[in-house]
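Chemist:
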Amino acid sequence: MSEEKKTSWGKAYDANIPQEPKQAAPTIESAAATANDGSDADERRGRHQHVLPGILGKQLRAAYGELLNAPVPDAISDLIKKLESAKPGTPVANKAADEESSK
Amino acid sequence: MSGRAQDSTLRDDLVAAIPNMRAFAISLCGNRDRADDLVQEALVKAWNHLDSFEVGTNLKAWLFTILRNAYFSELRKTKREIADSEGQLAARLSVPAEQQGHLDLLDLSRALSKLPPDQREALILVGAEGFSYEDAAAISGCAVGTVKSRVNRARSRLNELMTAAPAEPSGAAAADPDGPARRRSRTARAV
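What follows is the structure, encoded as structure tokens:
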């Protein structure tokens, strides 16, 4: 059995995954199944969408909806353009992270 | 589908997920500027590791995992949460002030900012973003039962916070001291 830590979507994407409690194998399988089965996922999503019933749930979804509809800042749009123009396979630096680390 | 077309679709999907990533990041850290930095950090990581993503699986869940890992890594480093006391969720609300329930929304965002990060994460993933418990568990790197427990605790804590004695009144709330309290009670009953 491979010792590589895997996510529910396949290969490990990053060696710096925070060490949190390990997930049980059935959960990983069910998560993968959810991702591959649209109708089942929708059904479950609909059910869990109302984990907060009543006014509080509506408020939470309304507030979150406002965030979803907010325009994407120029900095992120610029980053996407930069990423798209980068050569495939060339690692792109993160300006925000660079600034953060230089502090 | 050819590899190039597949890459193009994947990148389009990644860009399409940016609003969700921002909403999640703002909800997590409570600071819009920091949230944008987190989104950028996550986008760069995702872009540089696109070959690690298994096509056909849940891209949004993958992106959210990268984002939340970046957030919690930073949280562990700083040992403190950088939070806006009023909550950026409140600041982003565009509900007109005269609309009934506006004060409830502000109360909700303040209450959300007082939840422990792991409970807030679980509540946002399942209750607002609409992930299944299984997907939320995969994103958070914990068991499904843990996510359910966190959601339940978050819901109970929110209920407590929303029914607690109101903070120092100000503005319109001060002019109508009974209003927020009454609305708060209605919210509590509804939950």
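These protein sequence lines are chains A and B, in that order.
In case it helps, my numbering puts the first sequence at residues -2 to 100.
In case it helps, my numbering puts the second sequence at residues 9 to 199.
The C-beta atom is built at its ideal place from N, Cα and C for all residues, glycine as well.
#1: If I'm right that L6 of chain B touches D21 of chain B with Cβ under 8 angstroms, what's the distance once you round it to whole angstroms?
#2: Output the boundary residues of the alpha helix (DSSP H) element that contains D102 of chain A.
#3: Does at least one heavy atom of the ligand SAM sit under 6 angstroms from the Cβ of V155 of chain B?
#4: Please confirm whether L80 of chain A and W55 of chain B have their CB atoms less than 7 angstroms apart.
#5: Measure from the alpha carbon of I77 of chain A to the alpha carbon of each residue in B:V47, B:K122 and B:R76, then state which is nearest.
#6: Are at least three pairs of beta-carbons, each pair with one atom in the segment 136 to 143 of chain B and one in the segment 120 to 128 of chain B, less than 8 angstroms apart?
#7: Checking contacts by CB at 7 angstroms: is A25 of chain B closer than that to chain A?
#8: Using only alpha-carbon positions, find the residue among B:D143, B:R42 and B:M170 that is nearest to Y79 of chain B.
#9: By the DSSP assignment, the alpha helix (DSSP H) with K156 of chain B in it spans what residues?
#10: Among B:T171, B:A144, B:R161 and B:I132, whose alpha-carbon lies nearest the alpha-carbon of S35 of chain B?
#11: Is DSSP giving G43 of chain A helix, strand or coil here?
#12: How about Q127 of chain B and R84 of chain B: are their beta carbons less than 7 angstroms apart?
#13: So, are the CB atoms of A146 of chain B and V152 of chain B less than 7 angstroms apart?
#14: Between B:V52, B:H57 and B:R40, which lies nearest to L64 of chain A when the distance is taken from Cα to Cα?
#15: Helix, strand or coil: how does DSSP classify P68 of chain A here?
#16: Quick check on A24 of chain B: buried or exposed, where buried means 16 or more other Cβ atoms within 10 Å of its Cβ?
#17: With burial defined as no fewer than 16 other Cβ atoms inside 10 Å of the residue's Cβ, what is the status of Q28 of chain B: buried or exposed?
#18: Comparing C-alpha positions only, which one of B:D44, B:M170, B:E129 and B:E168 sits nearest to S157 of chain B?
#19: Once the 5 residues before and after I74 of chain B are set aside, which same chain residues still bring their CB inside 6 angstroms of it?
#20: Are the C-beta of L116 of chain B and some C-beta of chain A separated by less than 7 angstroms?
#21: Just tell me which of B:D59, B:G149 and B:L169 has its CA closest to the CA of R19 of chain B.
#22: Where does V134 of chain B sit, in a helix, a strand or coil, going by DSSP?
#23: Do L116 of chain B and Q56 of chain A have their C-beta atoms closer together than 7 angstroms?
#24: At a CB-CB cut-off below 7 angstroms, which residues of chain A make contact with D44 of chain B?
#25: Of all Cβ atoms in chain A, is any one closer than 7 angstroms to the Cβ of Q127 of chain B?
Modeler: Taking the coordinates as given:
#1: The displayed coordinates of chain B run from 9 to 199. Any statement about residue 6 of chain B would go beyond what the structure contains.
#2: Any question about residue 102 of chain A goes unanswered here, given that chain A covers just -2 to 100.
#3: Absent from the structure shown: the ligand SAM. Ligands present: none.
#4: yes
#5: B:V47
#6: no
#7: no
#8: B:R42
#9: V152 to T171
#10: B:I132
#11: The predicted position of G43 of chain A is uncertain, since its pLDDT is 45 and thus under 50; a value taken from the coordinates is nonetheless stated next. DSSP places G43 of chain A in helix when its eight states are reduced to three.
#12: no
#13: no
#14: B:R40
#15: coil
#16: exposed
#17: Checking the sequence, you will find Asn at residue 28 of chain B rather than Gln. That one is buried.
#18: B:E129
#19: A50, K53 and A54
#20: yes
#21: B:D59
#22: helix
#23: yes
#24: P70, A72 and I73
#25: no
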